[in-house]
Amino acid sequence: MQEKAKKEEGNPITRRYFLEAMGGGAIGIVAAGSVILTAQFLSPNVLREPPSKFKAGVVEDFPVGSVTLNKKQKVFIVRAQEGYLVAVSAVCTHLGCITNWKSEEGIIACPCHGSKFDGEGRLIEGPAPRSLPKFAMTTDDRGQLIVDKGVVVGEEVILKV
Ligand code: FES
Numbered sequence: 000m001q002e003k004a005k006k007e008e009g010n011p012i013t014r015r016y017f018l019e020a021m022g023g024g025a026i027g028i029v030a031a032g033s034v035i036l037t038a039q040f041l042s043p044n045v046l047r048e049p050p051s052k053f054k055a056g057v058v059e060d061f062p063v064g065s066v067t068l069n070k071k072q073k074v075f076i077v078r079a080q081e082g083y084l085v086a087v088s089a090v091c092t093h094l095g096c097i098t099n100w101k102s103e104e105g106i107i108a109c110p111c112h113g114s115k116f117d118g119e120g121r122l123i124e125g126p127a128p129r130s131l132p133k134f135a136m137t138t139d140d141r142g143q144l145i146v147d148k149g150v151v152v153g154e155e156v157i158l159k160v
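Letter 65 of the sequence shown, counting from 1, is numbered 64 in numbering that gives the first Met the number 0, and no numbers are missing.
Dropping the structure here:
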């Protein structure tokens, strides 16, 4: 017994010190975990999405008879032969592939399963179940075209310029 006590005297880390340190560490880890979980619980559970409105450019950027893809927004800005403008979604209504404008054929085509749409996104050939949606478009006081992807408009809606 005396030999054991002597050993402990020579060793700066005793059993008691070790167990106290382990207990304190465990309590600290549990406290930190509960603080993190409480902070996560109290923070708002918000899905951050890009704004639905974007500036597409000025009217002069779009020559008459053109179909221009805004890759970032996945929207075609179509300037018809008659001069009016429409904003058409580039996302295929079948399974969501990004469509392409085929100027030589005058159609918007889906590379995934072959759906075809006319220059203003009206369905020509499936398997897509419906036409590409048209989005609301206006001009601001500086002549910028503002497209709102949050507002789908009817096929007949155009922006006269
Ligand atoms: S995703 Fe376009 S035709 Fe299938």
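Even for Gly, the Cβ is constructed at its ideal location relative to N, Cα and C.
Asked                                                                                                                                                    : Found
Going along the chain, which residues of its own chain have a beta-carbon closer than 8 Å to the beta-carbon of I145, five neighbours each way excluded? : K52, F53, K54, A55, M136, T137, T138 and D139
Check whether the Cβ atoms of K133 and V160 lie closer than 8 Å to each other.                                                                           : no
By a C-beta neighbour count over all protein chains shown, 10 Å radius and 16 as the cutoff for buried, is Q72 buried or exposed?                        : buried
Would the beta-carbon of V66 fall within 8 Å of that of G118?                                                                                            : yes
Are Q80 and G64 closer than 8 Å when you measure CB to CB?                                                                                               : yes
So does P126 have its beta carbon nearer than 7 Å to some heavy atom of the ligand FES?                                                                  : yes
Going by the CB atoms, is the gap between L84 and F116 shorter than 8 Å?                                                                                 : no
I35: buried (16+ other C-beta within 10 angstroms of its C-beta) or exposed?                                                                             : exposed
Is L131 near the ligand FES, going by C-beta to nearest heavy atom under 7 Å?                                                                            : no
Less than 7 Å between the CB of L94 and some heavy atom of the ligand FES, yes or no?                                                                    : yes
Going by C-alpha to C-alpha distance, which of S42, P110 and A25 sits closest to T92?                                                                    : P110
Considering only the beta carbon of each residue, do R129 and E154 sit closer than 8 Å?                                                                  : no
Check whether the Cβ of S114 sits closer than 7 Å to any heavy atom of the ligand FES, and report yes or no.                                             : yes
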